[in-house]
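Structure record follows, encoded as structure tokens.
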Amino acid sequence: MGLALGGGAVRGMAHVGVISALVGAGIPIDYVAGTSAGSIIGALFCAGLGMDRLRKLSQETNWWKISRLVLSPRGFLNFDKLTTWLTRQIGDLEFDELLIPFAVVTADIVTGEEIDLLEGRVATAVQASCSIPGLVTPVERDGRLLADGSLVNTVPVTLLRKMGADYVIGVDILTHKVRWRLGPLGYGIAAIEILAERAGGGMALADCLIAPDVAGKTYIRFSKRNELFDLGMGATLLQTEKILSDLARLDMHENSLPQ
239 MGLALGGGAV
249 RGMAHVGVIS
259 ALVGAGIPID
269 YVAGTSAGSI
279 IGALFCAGLG
289 MDRLRKLSQE
299 TNWWKISRLV
309 LSPRGFLNFD
319 KLTTWLTRQI
329 GDLEFDELLI
339 PFAVVTADIV
349 TGEEIDLLEG
359 RVATAVQASC
369 SIPGLVTPVE
379 RDGRLLADGS
389 LVNTVPVTLL
399 RKMGADYVIG
409 VDILTHKVRW
419 RLGPLGYGIA
429 AIEILAERAG
439 GGMALADCLI
449 APDVAGKTYI
459 RFSKRNELFD
469 LGMGATLLQT
479 EKILSDLARL
489 DMHENSLPQ
């Protein structure tokens, strides 16, 4: 079973609730792919951090621990501190050292290509996937300028299929909402959310889509972490019976095939 963790900045705290509910229900997670915020939570989980540790880290994390202001023609923030922070949590691991197969989605900001990272340093791959163009400086890696994966594939279901997953759960935390009180700006924000949410088509391609009710919720306030965790867990608990049933049918089908 594959788990596709979508992007959404601080809304990524909902992913901790999603994984907690899946693990609690005994649902196996054999592959993980993450975009932007989903890549952070995915890396921590695939490195073997338990749910108690994941929850504790979500309580401790803030912008000052993962970012710093810079004077650069490429952006106003730098996420080098995110690489340092992640390395401190899991070690300077490469992808083949993780306990669960993991992949990170990034975008080449020069060519517009989707660049999926499955080898090399995990921490710098995650930094790249979280680097929002125009705001955060991109990451130079393998001769490319890599930026936020939500430009090209927000809920990376297709990537998990390539990795070998025969059943994929997608997690969408970019649910859009028109902020009416903001006038034209409110429509513009909703338009950006719609474009990012649908990038890569993962929502339509997942065998099961978990979409916590985060429409209109914060992207930047870590103080809302507990609310986002609860929304992720609640949305997942509503789907666990379906997932377990689907996996049982899939297992029965595979066992019935001629050897």
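Count along the sequence shown from 1, add 238, and you get the number used in the numbering used here.
We put the CB at the ideal spot given by N, CA and C, even for glycine.
None of the values given here were measured: they were computed from a predicted structure.
Residue i and residue j: beta carbons closer than 9 Å?
| i | j | result |
| --- | --- | --- |
| residue 417 | residue 430 | no |
| residue 248 | residue 415 | no |
| residue 444 | residue 406 | yes |
| residue 321 | residue 364 | yes |
| residue 481 | residue 263 | yes |
| residue 340 | residue 356 | yes |
| residue 240 | residue 412 | no |
| residue 270 | residue 375 | no |
| residue 368 | residue 274 | yes |
| residue 396 | residue 379 | no |
| residue 381 | residue 393 | no |
Can you give me the C-alpha to C-alpha distance between residue i and residue j, rounded to a whole angstrom?
| i | j | result |
| --- | --- | --- |
| residue 259 | residue 282 | 16 Å |
| residue 440 | residue 272 | 12 Å |
| residue 328 | residue 419 | 43 Å |
| residue 337 | residue 457 | 30 Å |
| residue 435 | residue 358 | 28 Å |
| residue 319 | residue 479 | 40 Å |
| residue 483 | residue 349 | 42 Å |
| residue 293 | residue 372 | 31 Å |
| residue 297 | residue 251 | 9 Å |
| residue 453 | residue 469 | 11 Å |
| residue 353 | residue 334 | 18 Å |
| residue 383 | residue 314 | 16 Å |
| residue 330 | residue 475 | 34 Å |
| residue 471 | residue 291 | 16 Å |
| residue 295 | residue 305 | 16 Å |
| residue 486 | residue 265 | 11 Å |
| residue 299 | residue 423 | 29 Å |
| residue 277 | residue 254 | 12 Å |
| residue 477 | residue 268 | 18 Å |
Between which two residues does the beta strand (DSSP E) containing residue i stretch?
| i | result |
| --- | --- |
| residue 344 | 340–346 |
| residue 377 | 377–379 |
| residue 408 | 406–409 |
| residue 473 | That residue, residue 473, is in no beta strand (DSSP E); its alpha helix (DSSP H) goes 463–475. |
| residue 240 | 240–243 |
| residue 448 | 446–448 |
Which residues mark the beginning and the end of the alpha helix (DSSP H) in which residue i is found?
| i | result |
| --- | --- |
| residue 284 | 275–284 |
| residue 458 | Segment: none, residue 458 is in no alpha helix (DSSP H) and carries neither H nor E. |
| residue 257 | 251–262 |
| residue 440 | 440–443 |
Determine, using beta-carbon pairs with one atom in the region 276–296 and one in the region 445–452, whether at least three such pairs fall under 8 Å. no
The region 380–395 contacting the region 341–360, beta-carbon criterion three pairs below 8 Å: yes
I'd like the ranges of any beta strand (DSSP E) spanning at least 3 consecutive residues and lying wholly in the region 286–373. 306–310, 313–316, 340–346 and 352–355
Within the region 386–428, note down every full alpha helix (DSSP H) run reaching 4 residues or more, in order along the chain. 395–401
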